[in-house]
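Novice: Sharing a structure, written as structure tokens. Questions coming.
There are 4 protein chains.
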Amino acid sequence: MATDAQQACFEAGIKFGSLYHQFAGTPLSPDSAASLETAMVEAIENQPFCTSVTVDIDEAALAEAADDHGYVELTGRFMEVRMRVEYEGVVVHTEMVMEDGYPLMRIVDLNDSA
Amino acid sequence: MATDAQQACFEAGIKFGSLYHQFAGTPLSPDSAASLETAMVEAIENQPFCTSVTVDIDEAALAEAADDHGYVELTGRFMEVRMRVEYEGVVVHTEMVMEDGYPLMRIVDLNDSA
Amino acid sequence: MATDAQQACFEAGIKFGSLYHQFAGTPLSPDSAASLETAMVEAIENQPFCTSVTVDIDEAALAEAADDHGYVELTGRFMEVRMRVEYEGVVVHTEMVMEDGYPLMRIVDLNDSA
Amino acid sequence: MATDAQQACFEAGIKFGSLYHQFAGTPLSPDSAASLETAMVEAIENQPFCTSVTVDIDEAALAEAADDHGYVELTGRFMEVRMRVEYEGVVVHTEMVMEDGYPLMRIVDLNDSA
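Residue numbers (the numbering used here), protein chains in the order written: chain A, 490 to 603; chain B, 490 to 603; chain C, 490 to 603; chain D, 490 to 603.
See the structure below:
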């Protein structure tokens, strides 16, 4: 059987995959960045065990990329994401940041107080 | 060659397909409905020729469906959408409403003042 | 009221928006390109009035882009799409090709035999 | 620091969230089920540490649901998914099945030979 800490990590992974693949491709401009950040946070916080999400869209990168057509499609290069998942007393903090042009999702901290 | 009115209708269709298939599946609860409405509106208004979008999530239907698990996945049964597209002076109004359990997208009005 | 030709163009637009925003973001490699092409074609051909779809993934562009991590996420730069929509005797041919780094969707031919 | 087993579970979760939210909403009929199964498998197997995916679309449930309009939109009720993820010698088997009308993702087996 999986431990509570392993289950917590599994749940944390589900939230990242969900957030990324639900919203990748969304038309995005500097004017619409704030509303998309809020919607992503509130959508994923609906999922079980997900106690907190933050999404930061990089407005400088976005403004430059949107210069040609007024908007872009959302990909990992335009955002950083942090989440807190809690499962049976185990708290996992995770983040998604760009590394070498690839949106890397990773466990930052795991606190097994159980 | 397509006429401006035909082009306007083509553009209007693109926006509906985009909105529906970008956001279908999003985790949705009564608490997150307002932020998702706003994000959908602002995302699609980024697209060319799309001058106005309204999205109304049916909070009664949503509250009932979300009763079991606290949230649902967005599908057409939970929302109505209206759009105004303008292309070279032609204005098209479209809407998406449920009909017989199917999200029907249709042209409501076309005003070719050109 | 919209004409049959205008309705046909509206339907054609819906299919393009659907295809693009359903599948944008899909993990894609040279080895998986063929199965994704087939699935996109068959999925969109389910939609009303859509009689034919072709999707061509640019395997050279894909191979180069996938060189770093083994795969990419699908965006418009990796594919060309053609569709045939028929509505009440009106046949519309449309295509999506890249132009200036932007996936341009357009009406190629409209044959109103009605 | 997270253990290899916890990392393996995190990676397994990412794949499930990705698969579900990338493909939910896809137009689906009995005729297109096989090609969508194959595309989902090959797309997710592109992701790191994902050594095997199986997707089984429930053709009986699909045929009944598609009776009205000829097709449906993919949701969890139409499919079962199994995956094998391997991370630094730890092998995790996971599955997604319907339980009480909700697509439940869970760890079935974890084999830490490291």
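Where is the CB? At the ideal position from N, CA and C, for every residue including glycine. Here the structure is a predicted model, which is why all the values come from computation and not from measurement.
Quick check on Met-490/C: buried or exposed, where buried means 16 or more other Cβ atoms within 10 Å of its Cβ?
Specialist: As a position in the third sequence, residue 490/C is number 1, starting the count at 1. It is exposed - the Cβ of Met-490/C has fewer than 16 other Cβ atoms within 10 Å.
Novice: If I measure Cβ to Cβ from Ala-494/C and keep anything under 7 Å in the same chain, skipping five residues before and after, which residues do I get?
Specialist: Working through the third sequence from its first residue, we reach residue 494/C at position 5. Excluding positions up to five away in sequence, the list reads Val-579, Leu-599 and Asp-601.
Novice: Against chain D, with Cβ distances strictly below 7 Å, would Ala-501/B count as a contact?
Specialist: In the second sequence, residue 501/B corresponds to position 12, counting from 1. Cβ-Cβ to chain D under 7 Å: no for Ala-501/B.
Novice: Under 7 Å, Cβ to Cβ, is there at least one residue of chain D near Ala-459/C?
Specialist: The structure shown does not extend to residue 459/C, since chain C is modelled only from 490 to 603, so the question has no answer here.
Novice: For His-582/D, which of helix, strand or coil comes out of DSSP?
Specialist: Here the question's residue 582/D lines up with position 93 in the fourth sequence. Reduced to three states, the DSSP call for His-582/D is strand.
Novice: As a quick exercise: from Glu-575/C, Met-587/C and Ala-497/C, pick the residue whose alpha carbon is nearest that of Asp-547/C.
Specialist: Here the question's residue 547/C lines up with position 58 in the third sequence. When each option's Cα is compared against that of Asp-547/C, the closest is Met-587/C.
Novice: Name, please, each residue of chain A whose Cβ falls closer than 8 Å to the Cβ of Ala-513/C.
Specialist: Here residue 513/C corresponds to residue number 24 of the third sequence, with the count starting at 1. Those are Ala-513, Gly-514 and Glu-562, listed as they occur along chain A.
Novice: Take the Cβ of Tyr-560/C as the centre, count every other Cβ of all protein chains shown within 10 Å, and call the residue buried at 16 or more, exposed below.
Specialist: For the purposes of this step, residue 560/C is taken as residue 71 along the third sequence, with counting starting at 1. By the neighbour-count rule (16 or more Cβ atoms within 10 Å), Tyr-560/C is buried.
Novice: For Met-572/D, collect the residues of the same chain with a Cβ closer than 6 Å to its Cβ; drop the 5 residues on either side in sequence, then sort them by chain order.
Specialist: Position 83 of the fourth sequence, counted from the first residue, corresponds to residue 572/D. Answer for Met-572/D: Lys-504, Val-542 and Thr-583, listed in chain order.
Novice: With a threshold of 7 Å between beta-carbons, can Gln-536/A be considered close to chain B, or not?
Specialist: On the first sequence, position 47 is the one that residue 536/A refers to. Closer than 7 Å to some Cβ of chain B, the Cβ of Gln-536/A qualifies, so yes.
Novice: Which whole-angstrom value describes the C-beta separation of Ala-532/D and Ser-521/C, a residue pair presumed to lie in contact below a C-beta threshold of 8 Å?
Specialist: For this step, residue 532/D is matched to residue 43 along the fourth sequence. For this step, residue 521/C is matched to residue 32 along the third sequence. The pair is a contact, with the Cβ atoms about 6 Å apart (cut-off 8 Å).
Novice: If we ignore side chains and look at the alpha-carbon of each, how far apart do Cys-498/C and Ala-523/D end up?
Specialist: Residue mapping note: residue 498/C aligns to position 9 of the third sequence, counting from 1. Residue mapping note: residue 523/D aligns to position 34 of the fourth sequence, counting from 1. Whole-angstrom Cα-Cα distance: 30 Å.
Novice: If you measure from the beta carbon of Leu-510/D to each beta carbon in chain B, is any gap under 7 Å?
Specialist: Numbered from 1 along the fourth sequence, position 21 holds the residue referred to as residue 510/D. In the sequence under discussion, the amino acid at residue 510/D is His, which differs from the Leu named in the question. For His-510/D, the answer is yes, since a Cβ of chain B falls inside 7 Å of its Cβ.
Novice: What residues match up with Val-561/D in a beta bridge as DSSP calls it?
Specialist: Working through the fourth sequence from its first residue, we reach residue 561/D at position 72. Paired residues: Leu-517/D.
Novice: Taking 7 Å as the CB-CB limit, is Ser-541/C close to chain B?
Specialist: Numbered from 1 along the third sequence, position 52 holds the residue referred to as residue 541/C. Not one chain B Cβ lies under 7 Å of Ser-541/C.
Novice: Which residues of chain D have a Cβ atom closer than 8 Å to the Cβ of Asp-557/B, listed in chain order?
Specialist: Position 68 of the second sequence holds residue 557/B. Result: Asp-589, Gly-590 and Tyr-591.
Novice: Counting only Cβ pairs nearer than 7 Å, list the residues of chain B close to Gly-578/C.
Specialist: If you number the third sequence from 1, residue 578/C lands on position 89. By Cβ distance, chain B contributes nothing, its closest Cβ being about 15 Å from Gly-578/C, past 7 Å.
Novice: Let me check one thing: in DSSP terms, what residues is Asp-598/C bridge-paired to?
Specialist: What you label residue 598/C is simply residue 109 of the third sequence in a count that begins at 1. His-582/C, per the DSSP bridge assignment.
Novice: So the alpha helix (DSSP H) Glu-553/A belongs to, where does it begin and stop?
Specialist: Here residue 553/A corresponds to residue number 64 of the first sequence, with the count starting at 1. From DSSP, the alpha helix (DSSP H) with Glu-553/A extends over 548-554.
Novice: Please list the partners that Leu-599/B has in chain C, where partner means a Cβ-to-Cβ separation under 7 Å.
Specialist: Along the second sequence, one-based indexing puts residue 599/B at 110. Chain C residues near Leu-599/B: Ala-491 and Gln-495.
Novice: Give the DSSP-derived three-state secondary structure of Asp-545/C in the structure shown.
Specialist: Within the third sequence, residue 545/C is the residue found at index 56, counting from 1. Of the three classes helix, strand and coil, the one that applies to Asp-545/C here is strand, per DSSP.
Novice: What's the gap between the Cα of Ala-555/C and the Cα of Leu-563/C?
Specialist: Counting from 1 along the third sequence, the entry for residue 555/C is found at position 66. Counting from 1 along the third sequence, the entry for residue 563/C is found at position 74. C-alpha separation (whole angstroms): 11 Å.
Novice: Going by alpha carbons, who is nearest to Gln-496/A out of Val-530/A, Val-581/A, Met-594/A and Val-597/A?
Specialist: Your numbering for residue 496/A matches position 7 in the first sequence. Here the closest residue by C-alpha is Val-581/A.
Novice: Taking only three categories from DSSP, how would you classify Glu-531/D?
Specialist: Locating residue 531/D in the fourth sequence gives position 42, where the first residue counts as 1. Residue state, collapsed to three classes: helix.
Novice: Would you kindly work out how many angstroms separate the C-alpha atoms of Cys-539/C and Glu-553/D, rounded to a whole number?
Specialist: Here residue 539/C refers to the residue found at position 50 when the third sequence is read from its first residue. Here residue 553/D refers to the residue found at position 64 when the fourth sequence is read from its first residue. When rounded, the distance between both Cα atoms is 22 Å.
Novice: Please list, in chain order, the chain C residues whose beta carbon lies closer than 7 Å to that of Met-594/B.
Specialist: Position 105 of the second sequence holds residue 594/B. Those are Ile-503, listed as they occur along chain C.
Novice: With H, G and I counted as helix, E and B as strand and the rest as coil, what does DSSP make of Glu-577/D?
Specialist: Translated into positions along the fourth sequence, residue 577/D becomes position 88. It is coil, neither helix nor strand.
Novice: According to DSSP, Arg-566/B sits in a beta bridge with which residue or residues?
Specialist: Start at 1 with the first residue of the second sequence, and residue 566/B comes out as number 77. Arg-566/B pairs with nothing; no bridge assigned.
Novice: Beta-carbon within less than 6 Å of Glu-500/D's beta-carbon, same chain only, minus the 5 sequence neighbours each way: which residues are those?
Specialist: On the fourth sequence, position 11 is the one that residue 500/D refers to. So the list reads Phe-538, Val-574 and Tyr-576, once near-sequence residues are dropped.
Novice: Taking the Cβ atom as the reference point for each residue, do Gly-502/B and Gly-502/C lie within a distance shorter than 7 Å?
Specialist: Taking the first residue of the second sequence as position 1, residue 502/B is located at position 13. Taking the first residue of the third sequence as position 1, residue 502/C is located at position 13. Yes, these two residues count as a Cβ contact at 7 Å.
Novice: At which residues does the alpha helix (DSSP H) containing Phe-499/A begin and terminate?
Specialist: The residue you call residue 499/A lines up with position 10 of the first sequence. Here the alpha helix (DSSP H) through Phe-499/A covers 493-512.
Novice: In whole angstroms, give me the CA-to-CA distance for Glu-515/C and Gln-511/D.
Specialist: In the third sequence, the residue the question calls residue 515/C occupies position 26. In the fourth sequence, the residue the question calls residue 511/D occupies position 22. A small correction: the amino acid at residue 515/C is Thr; Glu does not occupy that position in the sequence shown. Each residue's Cα considered, the two are about 7 Å apart.
Novice: Assign Tyr-591/A to one of two classes, buried (16 or more other C-beta atoms within 10 Å of its C-beta) or exposed (fewer than that).
Specialist: Here residue 591/A refers to the residue found at position 102 when the first sequence is read from its first residue. Flag for Tyr-591/A reads exposed.
Novice: Just to check my reading of the structure: Ala-513/B and Ala-513/D have Cβ atoms closer than 8 Å, yes? What is that Cβ distance to the nearest angstrom?
Specialist: In the second sequence, the residue the question calls residue 513/B occupies position 24. In the fourth sequence, the residue the question calls residue 513/D occupies position 24. With 8 Å as the limit, Ala-513/B and Ala-513/D qualify as a contact, their Cβ atoms being about 7 Å apart.
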